[in-house]
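Report on the structure given below.
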Amino acid sequence: MYGAGSMCEEDRKELVVIQGLKKSFPVRFKGKKGWVRAVDGIRLSIFEGETVGLVGESGCGKSTVARLLLRLLDPDEGTLLFDSKDVLALKGGDLSRYRREVQLVFQDPYSSLNPRMAIGRAIEEPLLSHRLLGKKEARQRAKELLDFMGISPTHYFRYPHEFSGGQRQRIVIARALALNPRFLVADEPLSALDVSIQAQILHVLEEIKERFRITYLFISHDLAVVRHISDRVAVMYLGRIVELAETESLYQDPLHPYTRALLDAVPVSHPALRRKRTLIPGEVPSPLNPPTGCPFHPRCGLRMARCSRDAPALMEPHPGHEVACFVYGDLSIQTPMERRRP
Amino acid sequence: MNTEAGALLEIQDLEVVFHLEEGPLKAVDGAMLTVKTERVLGLVGESGCGKSVTAKSILRLVPQPPGEIVAGKAIFQGQDLLKIPRDRLRKEYRGKQISMIFQDPMTSLNPVFSVGDQLAEVFTTHRGMGKKEALEASAEILERVGIPSAHRRIRDYPHQFSGGMRQRVMIAMALACAPKFLIADEPTTALDVTIQAQILELMKELQREMRSAILLITHNLGVVAEMAHEVAVMYAGQIVESCPVEEFFDNPRHPYSIGLLRSFPGMVPKGERILSIPGSIPDMLNPPPGCRFHPRCQEAMPRCRRESPPDRMAGDNHHVRCWLHV
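If you're matching them up, the sequences are chains Y and A in order.
Letter by letter, the first sequence follows residues 70 to 411 of my numbering.
Letter by letter, the second sequence follows residues 15 to 340 of my numbering.
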């Protein structure tokens with residue numbers, strides 16, 4: 070399950086299709102009004118049953134993508150399809166149904182549970198508010214979920230402060246599973262946890278995936294964790310996806326200069342592997358005032374004249390391996406948006 | 015662990031207690047550590063294991079009350095820092111011979127003073143420089159840690175710097191007096207991976223240049239593999255294993271160390287399953303009897319539940335506290 074391409078092309082059904090998605094936030098900076106372009110035109114398809122990892126550094130827009138997917142935010146532009154339905158047009162009962170099928174697990178298990186609600190009630194609440202089960206059945210289901218997540222059902226009436234961080238994250242995941250979602254967006258689900266607990270929660274997420282065949286979007290800044298859990302990985306930089314490929318292809322043969330730098334920056338796994346690094350200079354520019362052309366060009370060792378003028382779009386130099394960089398060819402011969410594979 | 019050649023700092027039998035409403039909490043329970051001259055010691059452990067409290071005890075920065083250093087020594091170049099008068103500690107050691115970098119560069123700088131003023135203070139206090147000279151020295155050291163147009167930037171305030179740049183400022187401040195010993199408490203934890211690589215590279219460079227020893231506290235085994243010469247693993251207030259860094263990665267002995275290495279995604283070879291340590295970190299108000307790790311240990315024996323294991327040698331310079339290795 071760690072390997073990529075475990076499914077045949079023909080069996081793959083697109084569950085989530087994102088096209089040209091954009092979102093800006095208004096800000097005031099030194100008395101001037103401006104816009105932060107958090108998500109700047111991304112395109113991504115997620116197949117049913119797969120895990121897509123979304124990696125990038127802070128401020129690259131990965132959490133905004135999560136919020137847009139959940140429709141906690143509305144995009145400025147672009148389309149979002151779920152199971153071939155236009156999510157942005159959903160209203161009333163249909164929107165409510167969508168929100169049952171798509172669930173979000175947040176980073177911080179300390180703030181994503183209501184401190185004044187017993188954990189059992191927190192888990193059954195979505196079942197009751199969506200009127201899926203009666204009180205008795207909902208309680209039964211909450212207890213089963215607690216048990217499945219390795220928390221004793223007798224803790225049903227306990228409150229979040231009585232649990233450790235790892236246990237709280239289990240409770241948050243149990244709540245997300247209560248509605249039998251088809252798609253789970255996990256936004257840095259391990260970052261607030263200790264190392265030994267991270268591995269536990271990673272196992273829980275893998276087990277759920279095997280058992281319930283849920284599709285994941287796994288958002289993280291931790292490249293090692295993403296490698297372990299994902300079938301494909303998308304790398305974001307300043308609101309754009311700069312590379313998208315099957316996991317091993319991306320880690321072993323990264324194409325985008327940013328992806329290379331990112332992977333090179335990961336600390337070694339053994340002291341014998343210490344080496345002199347080629348560090349990328351500078352820092353991520355402010356999304357308030359992003360560079361022209363390719364967002365990475367001011368820090369890029371391979372930049373050419375046109376990189377500061379034009380923004381490269383994602384193209385596919387190798388089948389299944391997409392990259393947005395002029396080093397790999399020209400925009401004018403870019404493959405059509407709809408085409409994924411030859 | 016007697017005084018051996020090249021030891022710059024030795025912590026012996028350190029015990030730190032926090033007097034809380036719920037009762038006494040022993041955050042550090044008999045910790046032993048040796049930092050060698052010009053070497054980097056990686057102190058590894060999860061939150062609440064006592065690694066920061068151990069480090070803060072060296073400079074007596076543990077808030078008192080509720081904290082109290084109840085026993086132990088911190089011998090720095092023959093001098094027990096836990097015994098000398100506070101005044102002397104402040105004038106002769108803190109910031110001069112021993113400096114500290116904290117995890118969060120956002121909160122460890124004072125927001126109402128310019129970065130230059132804060133840096134200059136180190137030079138006026140410890141080097142007896144005048145204000146003008148101190149500001150010049152500040153600009154120079156900022157330039158050394160890689161802050162562009164340093165002469166202009168010394169007039170800026172902390173909020174005008176990014177996280178990575180603030181950490182560079184902290185490093186500049188810590189190294190202003192070319193200390194023999196630097197305590198770095200999770201110096202890159204708040205930073206993105208590309209910035210982390212920049213900061214680690216800078217620390218390595220400066221460590222070689224200034225010939226300082228570093229006590230590097232981290233929960234990230236990758237940072238240890240990258241930086242450390244020696245490793246000490248802390249669990250529930252005790253050092254459970256310490257050894258040279260290659261030995262730690264090749265031949266870890268304590269079940270907790272082994273568990274940590276196997277649960278760290280970056281350490282586990284591709285395709286292999288990441289293993290986790292069952293259970294969670296013990297409640298330090300009520301620590302388990304015997305070996306602190308036994309409730310989570312797959313190899314626990316009856317003896318582990320009753321008696322705390324002693325510190326034993328399991329090879330050259332390899333200390334381990336585990337009944338399996340007695």
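The beta carbon of each residue, even a glycine, is placed where N, CA and C say it ideally should be.
By Cβ distance below 6 Å, which residues in the same chain neighbour residue i in space, the five residues on each side in sequence not counted?
i: Ile402 (chain Y); result: A caution first: Ile402 (chain Y) carries a pLDDT of 43, below 50, which makes its placement in the model unreliable, though a value can still be read off. So the list is empty, once near-sequence residues are dropped.
i: Ala330 (chain Y); result: Ile349
i: Leu173 (chain Y); result: Leu139 and Val254
i: Cys336 (chain A); result: His268 and Pro323
i: Lys65 (chain A); result: Leu57, Gly59, Ile231 and Met248
i: Phe262 (chain A); result: Val245
i: Ile197 (chain A); result: Ala69, Met114 and Leu229
i: Phe175 (chain Y); result: Ser181 and Asp256
i: Ala88 (chain A); result: Ile25, Ile72, Leu95 and Leu96
In angstroms, rounded to a whole number, what distance separates the CA positions of residue i and residue j?
i: His339 (chain A); j: Asp330 (chain A); result: 14 Å
i: Leu47 (chain A); j: Asp216 (chain Y); result: 42 Å
i: Glu119 (chain Y); j: Arg378 (chain Y); result: 36 Å
i: Ala204 (chain A); j: Gly59 (chain A); result: 17 Å
i: Tyr228 (chain Y); j: Ala187 (chain Y); result: 5 Å
i: His243 (chain A); j: Glu135 (chain A); result: 32 Å
i: Pro296 (chain A); j: Arg282 (chain Y); result: 35 Å
i: Ser338 (chain Y); j: Glu286 (chain A); result: 15 Å
i: Met384 (chain Y); j: Val392 (chain Y); result: 6 Å
i: Pro354 (chain Y); j: Glu255 (chain A); result: 43 Å
i: Leu22 (chain A); j: Glu106 (chain A); result: 16 Å
i: Pro222 (chain Y); j: Ala303 (chain Y); result: 38 Å
i: Met315 (chain A); j: Phe307 (chain A); result: 12 Å
i: Gln209 (chain Y); j: Arg251 (chain Y); result: 21 Å
i: Leu149 (chain A); j: Val129 (chain A); result: 10 Å
i: Asp322 (chain Y); j: Ala314 (chain Y); result: 10 Å
i: Gln91 (chain A); j: Pro178 (chain Y); result: 45 Å
i: Leu357 (chain Y); j: Ser294 (chain A); result: 42 Å
i: Met327 (chain A); j: Ala45 (chain A); result: 16 Å
At least one CB of chain Y closer than 7 Å to the CB of residue i: is that the case?
i: Arg335 (chain A); result: no
i: Ala2 (chain A); result: In the structure as shown, chain A starts at 15 and stops at 340, and residue 2 (chain A) therefore has no counterpart that could be examined.
i: Met281 (chain A); result: yes
i: Asp206 (chain A); result: yes
i: Gln212 (chain A); result: yes
i: Ile168 (chain A); result: no
i: Gly160 (chain A); result: no
i: Phe263 (chain A); result: yes
i: Gly178 (chain A); result: yes
i: Gly236 (chain A); result: yes
i: His165 (chain A); result: no
i: Ile197 (chain A); result: no
i: Arg58 (chain A); result: With the sequence shown as reference, residue 58 (chain A) is identified as Val, and Arg is not the correct amino acid for it. So, not an interface residue.
i: Ile54 (chain A); result: Residue identity differs from the one stated: residue 54 (chain A) is Val in this sequence, not Ile. Taking Cβ atoms only, chain Y never reaches closer than 7 Å to Val54 (chain A), which makes this a no.
By Cβ distance below 7 Å, which residues in the same chain neighbour residue i in space, the five residues on each side in sequence not counted?
i: Leu262 (chain Y); result: Gly234, Gly235, Gln238 and Ile270
i: Val108 (chain Y); result: Leu90, Lys91, Lys92, Gly130, Thr133, Val134, Leu137 and Gly308
i: Gly304 (chain A); result: Cys318, Arg319, Arg320, Glu321 and Ser322
i: Lys97 (chain A); result: none
Under a CB-based cut-off of 7 Å, is residue i close to chain A?
i: Glu352 (chain Y); result: yes
i: Ile242 (chain Y); result: no
i: Gly147 (chain Y); result: no
i: Pro336 (chain Y); result: yes
i: Ser355 (chain Y); result: no
i: His272 (chain Y); result: yes
i: Leu324 (chain Y); result: no
Considering only DSSP beta bridges, list what residue i is partnered with.
i: His333 (chain A); result: A:Ser256 and A:Met327
i: Leu113 (chain Y); result: Y:Ile87
i: Ser113 (chain A); result: A:Leu196
i: Met248 (chain A); result: A:Ile253
i: Ala314 (chain Y); result: Y:Val302
i: Pro387 (chain A); result: Past the boundaries of the shown model lies residue 387 (chain A); chain A is included only from 15 to 340, so the question cannot be answered.
i: Ala45 (chain A); result: A:Leu28
i: Thr232 (chain A); result: A:Val58
With a CB to CB cut of under 8 Å and the five nearest residues on each side skipped, what residues in its chain are close to residue i?
i: Glu154 (chain A); result: Ala164
i: Ser75 (chain Y); result: Annotation note: pLDDT 46 at Ser75 (chain Y) (below 50); position unreliable, coordinate value reported separately. Asp300, listed in sequence order.
i: Met305 (chain Y); result: Ile111, Leu123, Val124, Gly125, Cys129, Gly130, Lys131, Val134 and Val311
i: Arg168 (chain Y); result: Leu139 and Arg140
Continuous beta strand (DSSP E) assignments of at least 3 residues falling wholly in the stretch 121 to 159 of chain Y | Counting only runs of 3 or more, we get 146 to 151.
Can you list the alpha helix (DSSP H) stretches of 4 or more residues lying completely in the stretch 238 to 308 of chain Y, in chain order?
-> 264 to 281 and 292 to 298
Length-filtered (4 minimum) alpha helix (DSSP H) runs lying within the stretch 167 to 244 of chain Y | 188 to 198 and 204 to 217
Output the residue ranges of the alpha helix (DSSP H) runs that lie fully inside the stretch 54 to 135 of chain A and measure 4 residues or longer, sorted by chain position.
-> Correct list: 65 to 72.
Residue ranges of each alpha helix (DSSP H) run of no fewer than 4 residues wholly in the stretch 156 to 196 of chain A, ordered along the chain?
-> Segments of the alpha helix (DSSP H) lying fully in the stretch 156 to 196 of chain A: 164 to 167 and 177 to 189.
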